[in-house]
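A short worksheet on the structure shown next.
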Amino acid sequence: MNDEPDPTWLSAHVFTAHPLDLVLSRLVPAVVDDARRRGLADRFFFIRHWQSGPHLRLRLRAAAPDAEPELRALLETNAAEFFGSLSPATPMTARQYGELAARLAVMEPGTEAGRLAPNDSLAFIPYRPETAKYGRGPALSAAEACFCLCSEQALAAATDSPTQRLAYCFALLAGTARPAGQPAAWRTPLRVEQYRRRRASLLPVARAARAAANGRATADTGQDPLARWFAAFRRARDLSAAPDRLADHLSHLACNRRGVRLDQEATLRGLAALAVDELTGGPDGRPADRADADTDTDTDSRDADRDAAGQ
22 MNDEPDPTWL
32 SAHVFTAHPL
42 DLVLSRLVPA
52 VVDDARRRGL
62 ADRFFFIRHW
72 QSGPHLRLRL
82 RAAAPDAEPE
92 LRALLETNAA
102 EFFGSLSPAT
112 PMTARQYGEL
122 AARLAVMEPG
132 TEAGRLAPND
142 SLAFIPYRPE
152 TAKYGRGPAL
162 SAAEACFCLC
172 SEQALAAATD
182 SPTQRLAYCF
192 ALLAGTARPA
202 GQPAAWRTPL
212 RVEQYRRRRA
222 SLLPVARAAR
232 AAANGRATAD
242 TGQDPLARWF
252 AAFRRARDLS
262 AAPDRLADHL
272 SHLACNRRGV
282 RLDQEATLRG
292 LAALAVDELT
302 GGPDGRPADR
312 ADADTDTDTD
322 SRDADRDAAG
332 Q
């Protein structure tokens with residue numbers, strides 16, 4: 022049994038009508054740097070979310086239980102300065118939020134819409150680990166370590182172009198995809214045609230990503246970002262009771278942190294599945310170019326290349 026106390030995470034939700042990339046490029050670095058300099062927090066992670074309005078959920082692990090009050094005050098001060106520096110932005114209306122919530126709730130079953138939060142506001146809402154997804158004890162700790170590394174990398178890549186973000190996420194999805202384990206709905210006729218047009222550029226990336234995903238790379242700072250993420254992913258996967266589902270969860274969160282929308286992620290997953298089909302002989306032994314389905318409901322990958330704004 023581990024006798025060390027459970028780490029204390031302070032969770033702050035930052036609501037704003039401005040792009041969440043602005044929160045990542047200005048507020049989060051200031052908070053993290055200040056907290057580390059003062060010895061108040063040693064790790065952090067974040068996710069983008071839509072419940073109660075578009076916002077960033079920032080979680081900081083307090084260096085000690087008695088550091089939480091000072092860490093909370095630090096967040097409040099930095100958030101107030103950040104909100105005060107913003108130019109006026111038109112906040113989302115309750116009606117607009119209702120339409121957004123109805124659309125996204127279909128993609129994320131089991132979520133509750135909640136009430137629209139005030140624009141440019143900070144709310145401290147307790148972090149409740151999703152133990153059904155990530156487990157408890159060492160398994161949860163390994164998943165949270167992956168969250169933190171992924172967040173550090175996404176923060177460092179906050180100024181990347183939409184194309185760079187999509188390319189990174191395609192490689193990550195190709196590396197974690199299970200041969201013949203992806204839904205047939207992702208192998209639609211339109212998706213197959215998209216893949217054929219881009220095969221020459223996608224297939225080498227997928228091949229390299231799968232080699233990195235199955236390699237022995239460590240999480241040393243000198244490693245390539247993808248290799249470091251795959252190393253953290255493997256540690257979490259090895260401790261998980263449901264490693265296949267964990268791969269989907271962690272890769273989805275990586276896309277989220279890079280600002281890739283749900284529809285863009287679906288397009289990338291479909292392309293990654295087709296690349297993996299080709300590398301492994303296709304689902305049920307079929308060549309990837311024979312994959313088919315009745316309908317296509319996702320956006321064209323060319324639409325995905327236009328914008329990688331946060332959800």
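In this note's numbering, the protein residues as written are 22 to 332.
The beta-carbon is built from N, C-alpha and C at its ideal position, and this holds for glycine as well.
Note that the coordinates shown come from a computational prediction; the quantities given were computed from them, not determined experimentally.
Can you give me the C-alpha to C-alpha distance between residue i and residue j, rounded to a whole angstrom?
i	j	result
Arg80	Ala248	24 Å
Trp30	Ala83	6 Å
Arg212	Thr288	8 Å
Leu43	Pro86	30 Å
Val35	Glu299	42 Å
Thr180	His39	16 Å
Leu271	Met113	29 Å
Ala229	Ala296	12 Å
Ala2	Leu125	Nothing can be reported for residue 2, as the shown portion of the chain is limited to 22 through 332.
Ala33	Phe65	11 Å
Ala163	Ala110	39 Å
Pro90	Ala221	54 Å
Arg157	Ala138	31 Å
Pro159	Arg47	33 Å
Arg136	Asp269	29 Å
Leu107	Leu77	16 Å
Glu120	Ala134	10 Å
Arg199	Tyr216	18 Å
Ala263	His273	16 Å
Trp250	Asn140	34 Å
Pro183	Arg266	27 Å
Leu223	Thr37	36 Å
Ala94	Cys190	35 Å
Thr301	Pro225	14 Å
Of the choices the options, whose alpha-carbon is the least far from that of residue i?
i	options	result
Gly236	Asp42, Arg256 and Pro159	Arg256
Arg59	Ser272, Ser261, Gly105 and Ala88	Ala88
Ala227	Phe65, Ala192 and Pro86	Ala192
Asp338	His70, Asp55 and Arg69	A query on residue 338 cannot be resolved here, the shown segment of the chain reaching from 22 to 332 and no further.
Met128	Gln285, Asp141, Arg78 and Ala195	Gln285
Leu283	Trp71, Arg78 and Ala252	Trp71
Ala369	Thr98, Asp245 and Arg266	Residue numbering for the chain in the displayed model covers 22 to 332; residue 369 lies beyond these limits and cannot be assessed.
Ala144	Arg266, Ser73 and Ala262	Ser73
Arg258	Asp141, Cys167 and Pro225	Cys167
Asn99	Leu194, Ser142 and Phe67	Ser142
Arg231	Leu187, Pro210, Glu165 and Phe254	Phe254
Contact check, residue i vs residue j under 8 Å by CB: the rounded distance?
i	j	result
Leu96	Val52	6 Å
Ala123	Arg208	About 28 Å separates the two Cβ atoms, so there is no contact after all.
Ala233	Gly196	6 Å
Leu61	Leu92	5 Å
Can you tell me which of the three DSSP states residue i falls into?
i	result
Ala115	helix
Leu170	helix
Thr197	helix
Val49	helix
Arg281	Note on identity: in this sequence residue 281 is Val, with Arg being the wrong assignment. In the structure shown, Val281 sits in coil (DSSP, three-state: anything other than H, G, I, E or B).
Asp298	helix
Thr98	helix
Trp250	helix
Discussion item. Using 8 Å as the cut-off, can you tell me whether the stretch 163-174 makes contact with the stretch 272-286, which would need three or more C-beta pairs spanning the two stretches below that distance?
Written reply: Touching, per the Cβ criterion.
Discussion item. Check whether the stretch 145-156 and the stretch 103-111 are in contact - that is, three or more C-beta pairs closer than 8 Å.
Written reply: Contact fails: fewer than three Cβ-Cβ distances are below 8 Å.
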